[in-house]
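Heads up: the sequence lines are chains Y and R, in that order.
Position one of the first sequence corresponds to residue 10 (our numbering), numbered consecutively onward.
Position one of the second sequence corresponds to residue 30 (our numbering), numbered consecutively onward.
Report on the following structure.
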Amino acid sequence: MADHRGSPQGMDRRRFLGYVLAAPTLMAAAELGGSAVAPEAAAAIPTLPPPADLFDLNDLLSTAAVPTSALITVQVHSDGTASFALPRAEVGQGVTTSTAMLIAEELGLPVEKIKITLADSRPELLFNQLTAASNTTISTYTPIRVAAAIAKGRLLAAAAIVLGDTVTNLTSKLGVITGGGGKSVTYGELAQRAASTRTEQVSVTLKPRSEFTVIGKPHNRIDALDAVTGRKVFAMDLRIPNALPTMVCRPPTINGKVRSVLNAAAVRAMPGITDVVTISTGVAVRGRTFGQCVDAVRALRVDWGKGTAAGASDASVLRELKAAELPLVVPPLPLLAKTLDAGFTFAFRSNSALEPNCAIADVRRDRAEIWGSLKSPIVAQQAIAAKIGLPQNAVRVHVTEGGGSFGRKLFFDAALEAAEISRTLGKPVKLMWHRTDDFRQGRTHPMCTSRLRATYAAGNVLTFEHRHTSVSTDFGHGLGEIITALAAKLPVGDFTFSQTVFQLTQTMPYNFGVTTQLLNEVNKGFNTGSMRNIYSPDVCCARELFVDQLAAKMGKDPYKFRQEFARDHRARAVLDKVAKVGNWGRAMPAGMAQGIAVHAEYKGFSAALVEIDCRPATVNRKIPSARTGPRVTKVVFAVDAGLAVNPRGLEAQMLGGISDGIALALTSSLHLKDGYFLEGSWDNYFYTRQWNVPKDVEIIVMPPTTGQPGGAGEFGVAASYAAVACAYTRATGTLPTTFPVNHDGPLGFDPLPTVPPIPQSPTDGLRNAF
Amino acid sequence: MPEHTFILNGEQVTVDVEDDVRLLWVLRDVLGVMGPKYGCGVEVCKACASHINGKVFNPCAVRVGDVKPTDRITTIEGLPGTVGKPLHPMQQAWLDRDVAQCGYCQPGQIMTAVAKVRQAKAEGRKITDADLDEIRNICRCGTYNRIREAITAAAERM
Numbered sequence: 010m011a012d013h014r015g016s017p018q019g020m021d022r023r024r025f026l027g028y029v030l031a032a033p034t035l036m037a038a039a040e041l042g043g044s045a046v047a048p049e050a051a052a053a054i055p056t057l058p059p060p061a062d063l064f065d066l067n068d069l070l071s072t073a074a075v076p077t078s079a080l081i082t083v084q085v086h087s088d089g090t091a092s093f094a095l096p097r098a099e100v101g102q103g104v105t106t107s108t109a110m111l112i113a114e115e116l117g118l119p120v121e122k123i124k125i126t127l128a129d130s131r132p133e134l135l136f137n138q139l140t141a142a143s144n145t146t147i148s149t150y151t152p153i154r155v156a157a158a159i160a161k162g163r164l165l166a167a168a169a170i171v172l173g174d175t176v177t178n179l180t181s182k183l184g185v186i187t188g189g190g191g192k193s194v195t196y197g198e199l200a201q202r203a204a205s206t207r208t209e210q211v212s213v214t215l216k217p218r219s220e221f222t223v224i225g226k227p228h229n230r231i232d233a234l235d236a237v238t239g240r241k242v243f244a245m246d247l248r249i250p251n252a253l254p255t256m257v258c259r260p261p262t263i264n265g266k267v268r269s270v271l272n273a274a275a276v277r278a279m280p281g282i283t284d285v286v287t288i289s290t291g292v293a294v295r296g297r298t299f300g301q302c303v304d305a306v307r308a309l310r311v312d313w314g315k316g317t318a319a320g321a322s323d324a325s326v327l328r329e330l331k332a333a334e335l336p337l338v339v340p341p342l343p344l345l346a347k348t349l350d351a352g353f354t355f356a357f358r359s360n361s362a363l364e365p366n367c368a369i370a371d372v373r374r375d376r377a378e379i380w381g382s383l384k385s386p387i388v389a390q391q392a393i394a395a396k397i398g399l400p401q402n403a404v405r406v407h408v409t410e411g412g413g414s415f416g417r418k419l420f421f422d423a424a425l426e427a428a429e430i431s432r433t434l435g436k437p438v439k440l441m442w443h444r445t446d447d448f449r450q451g452r453t454h455p456m457c458t459s460r461l462r463a464t465y466a467a468g469n470v471l472t473f474e475h476r477h478t479s480v481s482t483d484f485g486h487g488l489g490e491i492i493t494a495l496a497a498k499l500p501v502g503d504f505t506f507s508q509t510v511f512q513l514t515q516t517m518p519y520n521f522g523v524t525t526q527l528l529n530e531v532n533k534g535f536n537t538g539s540m541r542n543i544y545s546p547d548v549c550c551a552r553e554l555f556v557d558q559l560a561a562k563m564g565k566d567p568y569k570f571r572q573e574f575a576r577d578h579r580a581r582a583v584l585d586k587v588a589k590v591g592n593w594g595r596a597m598p599a600g601m602a603q604g605i606a607v608h609a610e611y612k613g614f615s616a617a618l619v620e621i622d623c624r625p626a627t628v629n630r631k632i633p634s635a636r637t638g639p640r641v642t643k644v645v646f647a648v649d650a651g652l653a654v655n656p657r658g659l660e661a662q663m664l665g666g667i668s669d670g671i672a673l674a675l676t677s678s679l680h681l682k683d684g685y686f687l688e689g690s691w692d693n694y695f696y697t698r699q700w701n702v703p704k705d706v707e708i709i710v711m712p713p714t715t716g717q718p719g720g721a722g723e724f725g726v727a728a729s730y731a732a733v734a735c736a737y738t739r740a741t742g743t744l745p746t747t748f749p750v751n752h753d754g755p756l757g758f759d760p761l762p763t764v765p766p767i768p769q770s771p772t773d774g775l776r777n778a779f
Numbered sequence: 030m031p032e033h034t035f036i037l038n039g040e041q042v043t044v045d046v047e048d049d050v051r052l053l054w055v056l057r058d059v060l061g062v063m064g065p066k067y068g069c070g071v072e073v074c075k076a077c078a079s080h081i082n083g084k085v086f087n088p089c090a091v092r093v094g095d096v097k098p099t100d101r102i103t104t105i106e107g108l109p110g111t112v113g114k115p116l117h118p119m120q121q122a123w124l125d126r127d128v129a130q131c132g133y134c135q136p137g138q139i140m141t142a143v144a145k146v147r148q149a150k151a152e153g154r155k156i157t158d159a160d161l162d163e164i165r166n167i168c169r170c171g172t173y174n175r176i177r178e179a180i181t182a183a184a185e186r187m
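What follows is the structure, given as structure tokens:
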């Protein structure tokens with residue numbers, strides 16, 4: 010973003026301002042978000058670019074940072090390492106590794122010498138500590154390099170004095186600076202000398218891309234060794250004094266409330282249990298082990314009031330959605346134009362990570378400390394302070410490494426609940442949600458519908474309308490404040506809040522004439538959030554299925570049709586790549602087929618080619634206690650992320666997106682019945698498992714196109730999902746209208762009871778050992 | 030409270046805790062061994078997978094009272110010790126392929142993978158796609174293909 014735009018000072022395009030801070034060892038800083046964003050020029054094209062093309066959600070998140078004056082700092086230490094506290098969450102998407110690479114590039118240290126920690130909540134960063142919308146690298150790419158480059162400049166200046174030489178004569182390699190005479194000095198030795206006694210603004214030139222040796226080269230994760238040895242520390246692995254295991258007995262229906270507890274004293278007397286207390290979301294128990302908390306939760310007898318979705322079912326919510334669908338309005342058309350209509354329903358889905366909702370809270374009379382994997386720690390801090398009646402600056406929020414997010418950790422439900430329990434008890438608590446609660450009471454991707462209509466004549470698509478209707482998505486995690494604050498500056502007029510997000514995220518990759526894409530939302534009775542993207546995967550799936558239908562009506566091949574109507578050469582490039590590598594159009598047996606899809610978002614382009622096997626022998630294959638069904642046998646995925654900072658990490662994110670796409674298309678959903686979700690375990694909620702993994706996956710990272718990194722964390726899902734759906738449709742000859750395709754089939758499991766709310770652990774583990 | 034003794038990662042340990050507490054919570058909440066993770070509590074997700082006498086099992090589904098004093102429990106922390114090296118070949122294969130994403134499921138994945146390869150070897154055969162298809166461990170980040178590649182590679186070195 011900033012690299013190719015002039016600065017206000019008229020400096021050259023790679024020159025930036027930053028700071029040297031007064032500190033005992035060298036500390037360099039830059040303003041996070043200092044790189045302003047301007048709308049990029051749009052090509053002259055028949056379909057007017059949707060707002061997301063001119064100014065997308067990432068531009069909004071980057072723009073939000075401009076007024077902040079808070080700094081991010083790179084510090085060089087006497088042991089020759091450098092450190093950086095990243096004001097973002099690491100939840101598996103690899104931002105600590107890519108951040109270390111950015112610093113290593115400009116500072117000239119090996120990546121292994123860069124220590125990345127996750128910053129505590131920093132309210133002074135205002136909007137700038139939200140990990141969302143795959144925005145981390147987009148928004149930090151320039152400021153982090155500026156800070157590192159300033160540090161490098163100070164080190165060189167200090168080395169020149171030590172070595173009695175001029176800076177231009179010095180060479181530096183891997184933390185050692187050598188003078189013309191061959192004498193050398195290390196960064197560690199210079200760390201104090203290069204430090205400043207006062208804070209001053211300096212300017213710096215960033216490396217040109219042609220000189221990159223770290224950025225753009227594959228690098229393994231910096232936390233990989235900790236992950237494979239069990240040393241990586243997640244929130245529940247922390248040992249905070251007296252923070253005993255704590256769980257909550259939850260209602261049998263969504264958001265039900267406690268009327269009364271019938272046996273609190275008896276449960277308090279159970280082995281290991283220290284406390285039983287009613288809170289706003291249920292009845293909390295605290296004890297020596299989580300196992301004993303499970304026993305206590307199961308033993309509680311509670312009179313429950315009805316919840317916010319009382320009596321609701323998939324069918325009742327679908328009726329609400331259908332009633333709220335905005336009309337399709339086809340403008341006046343020439344004679345002979347034909348119309349194509351389609352409609353799709355997408356079930357509720359769980360964004361539960363493998364690490365369940367959890368947090369540690371130690372609330373005292375005058376202060377509080379919170380630990381958790383939090384993508385919106387500033388909003389969490391504010392909300393917790395309000396909840397427990399302390400000033401915001403009396404609440405410290407520590408961000409821990411997260412065991413996955415997928416949207417879940419945008420919210421801080423567990424942190425808020427832990428703080429409430431700790432305040433009520435006056436004791437520290439280590440709160441963990443049971444898996445069953447995580448599915449049944451945790452956040453979901455809302456159920457939604459898509460209706461589409463196109464008109465076409467004489468080989469052209471004249472109009473394209475897409476109406477997406479969704480159960481309300483909760484944005485109460487900070488994105489809300491950003492959009493509220495910036496609403497007036499957005500090029501989307503006075504849309505509603507969610508409509509704004511929709512317009513900022515929905516690109517349209519095709520030239521389909523007069524195009525409108527609109528959203529309507531209903532019903533706030535559910536606990537919702539985004540799920541590895543907000544609207545795009547479903548919208549993309551609907552659109553790409555529709556595009557296949559349109560191509561068929563117009564007598565064209567799905568790949569050729571997309572290529573012909575693609576609005577952008579980058580879209581055509583990823584399509585061409587997967588078609589070529591995946592051998593598009595190859596002959597396949599009946600019951601097997603290929604599918605192809607394209608998606609643009611996060612300043613990038615992606616395409617997937619998928620092969621699926623829907624033959625009975627495959628669909629009915631037996632894996633003990635497993636849900637099998639159609640199997641995706643091959644995926645070729647091409648991603649143009651503008652500039653991949655770490656291609657290996659980008660590939661990993663695409664691989665995860667493919668696993669998600671398969672699950673969304675084929676197997677994973679929540680079934681709503683009588684006001685609660687039936688799914689209560691990983692053997693009920695069919696996220697992709699090894700028996701549904703394609704054996705043949707090829708991910709192609711396209712060469713840099715824009716020179717600026719795009720988003721990665723969520724980007725792999727949409728095209729994969731859509732391509733699986735398209736392949737399934739072609740293999741079976743039937744266009745599915747509900748996703749995942751097995752949602753309306755037999756349930757595939759016996760639902761767990763709702764009272765007690767969580768199951769007892771089995772005792773047959775030794776018998777099942779192998 | 031009853032006492033329970035067993036061998037944990039090569040060392041004898043004794044804990045005071047009720048018989049029916051599942052071993053996962055004895056390891057994590059009483060002994061502070063944090064490698065085995067909670068992901069379901071019902072023997073489904075396999076995030077807590079560890080070894081008992083060389084076989085993979087789920088501590089979330091074993092009462093501590095059912096563990097004998099002679100039982101050897103190995104968690105991810107003790108896996109390298111079973112081969113007398115800083116890392117087990119499976120861990121090294123994991124590093125070589127940069128398998129982990131968030132890392133939460135990875136201790137359980139690795140412990141399961143080791144047992145799966147041992148099982149095939151004991152039957153005098155190589156690990157197959159069908160073996161890999163049977164692995165139940167959830168990876169919600171979806172890094173399944175790299176897991177398959179790492180297991181196949183490590184099997185050559187085990």
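In this text, a Cβ means the ideal position worked out from N, Cα and C, and glycines have one as well.
(request) Compare the C-beta of Arg169(R) against all C-beta atoms of chain Y and say whether one is closer than 8 Å. (result) yes
(request) Give a yes or no on whether the C-beta atoms belonging to His816(Y) and Ala728(Y) are separated by under 8 Å. (result) Chain Y is shown only over 10 to 779; residue 816(Y) falls outside these bounds and no answer can be derived.
(message) What are the residues in the segment 125-154 of chain R lying within 7 Å of chain Y by C-beta distance?
(response) Asp127, Ala129, Gln130, Cys131, Gly132, Tyr133, Cys134, Gln135, Pro136, Ile139, Ala144, Gln148
(request) Report the option in Ala159(R), Arg175(R), Trp123(R) whose CA atom is closest to the CA atom of Thr238(Y). (result) Trp123(R)
(message) Can you check which of these residues, Val104(Y), Lys161(Y), Asp129(Y), Glu115(Y), is closest to Ser143(Y) by C-alpha distance?
(response) Val104(Y)
(message) Measuring straight from C-alpha to C-alpha, what distance separates Thr525(Y) and Gly534(Y)?
(response) 29 Å
(request) Compare the C-alpha of Phe473(Y) against each of Ser545(Y), Gly485(Y), Tyr519(Y) and name the closest. (result) Tyr519(Y)
(request) For Gln41(R), write down the residues that DSSP places opposite it in a beta bridge. (result) Ile36(R)
(request) Would you grab the beta carbon distance between Cys735(Y) and Asp557(Y) for me? Rounded to a whole angstrom, and I think it's under 8 Å. (result) About 5 Å separates the beta carbons of Cys735(Y) and Asp557(Y), which is inside the 8 Å limit, making them a contact pair.
(request) Output yes or no for whether 8 Å exceeds the beta carbon distance between Ala167(Y) and Leu179(Y). (result) no
(request) Check whether the segment 385-405 of chain Y touches the segment 158-166 of chain R, counting contact only when three or more Cβ pairs, one atom from each stretch, lie closer than 8 Å. (result) no
(message) Checking 8 Å against the spacing of the C-beta atoms, do Met30(R) and Val46(R) come in under that value?
(response) yes
(request) Alpha carbon to alpha carbon, how far is Leu199(Y) from Gly19(Y)? Give it in angstroms, no decimals. (result) Because Gly19(Y) carries a pLDDT of 40, less than 50, the predicted location of this residue cannot be relied on, and the following value inherits that uncertainty. The alpha-carbon atoms of Gly19(Y) and Leu199(Y) are separated by roughly 32 Å.
(message) Let me make sure I understand the geometry here. Which of Trp313(Y), Asp304(Y), Arg297(Y) has the alpha-carbon closest to that of Thr287(Y)?
(response) That would be Trp313(Y), whose Cα lies nearest to the Cα of Thr287(Y).
(message) For Pro713(Y) and Gly719(Y), I'd like the C-alpha separation in whole angstroms.
(response) 10 Å
(message) Starting from Pro254(Y), trace the beta strand (DSSP E) in both directions and tell me its first and last residue.
(response) 253-258
(message) So, for Glu620(Y): in the same chain, excluding its five sequence neighbours on each side, which residues have a beta-carbon less than 6 Å away from its beta-carbon?
(response) Gln603, Thr642, Lys643
(request) Taking Gly113(R) as the query, report the chain Y residues whose CB atoms sit under 9 Å from its CB, ordered along the chain. (result) What Gly113(R) touches in chain Y: nothing, since even the nearest Cβ is about 16 Å away.
(request) May I ask you to list the residues that DSSP assigns as paired with Tyr685(Y)? (result) Lys682(Y)
(request) Would you list the one or two residues that DSSP bridges to Glu410(Y)? (result) Phe243(Y)
(message) What does the Cβ neighbour count give for Val267(Y), buried or exposed, with the cut at 16 atoms within 10 Å?
(response) buried
(message) Please report the distance separating the alpha-carbon of Leu116(Y) from that of Thr104(R).
(response) Approximately 39 Å, taken between the alpha carbons.
(message) Taking DSSP's pairing of strands, which residues face Val85(Y) in a bridge?
(response) Ala91(Y)
(message) Give me the DSSP bridge partner(s) of Gly314(Y).
(response) Looking at the DSSP output, Gly314(Y) sits in a beta bridge with Lys266(Y).
(request) Return helix, strand or coil for Gln603(Y), following the three-state DSSP convention. (result) strand
(request) Kindly indicate which residue of Gly651(Y), Arg24(Y), Trp442(Y), Ala37(Y) has the alpha-carbon position closest to the one of Pro365(Y). (result) Trp442(Y)
(request) Just tell me which of Gly113(R), Ile167(R), Gly94(R), Val128(R) has its CA closest to the CA of Gly187(R). (result) It is Met, not Gly, that sits at residue 187(R) in the sequence shown. Closest option to Met187(R), Cα to Cα, is Gly113(R).
(request) Just the C-alpha distance for Met663(Y) and Met711(Y), rounded to the nearest angstrom, thanks. (result) 13 Å
(request) Can you check DSSP and say which residues form a bridge with Val213(Y)? (result) Phe25(Y)
(request) For Ile81(R), return the contacting residues in chain B, with the cut-off set at a CB-CB distance below 9 Å. (result) Judged by its chain identifiers, the structure shown contains no chain B, and its protein chains are Y and R.
(message) Against chain Y, does Arg186(R) count as a neighbour if the rule is that its beta carbon must be under 8 Å from one of theirs?
(response) No, its Cβ sits nowhere closer than 8 Å to a Cβ of chain Y.
(message) Strictly below 8 Å CB to CB, what residues from chain Y border Val91(R)?
(response) Thr772, Gly774, Leu775
(message) If contact is defined by three or more beta carbon pairs under 8 Å, each pair taking one atom from either stretch, is the segment 350-357 of chain Y in contact with the segment 744-759 of chain Y?
(response) yes
(request) Could you spell out where the beta strand (DSSP E) holding Glu115(Y) opens and where it closes? (result) Counting along the chain, Glu115(Y) falls outside any beta strand (DSSP E), though it belongs to the alpha helix (DSSP H) covering 104-116.
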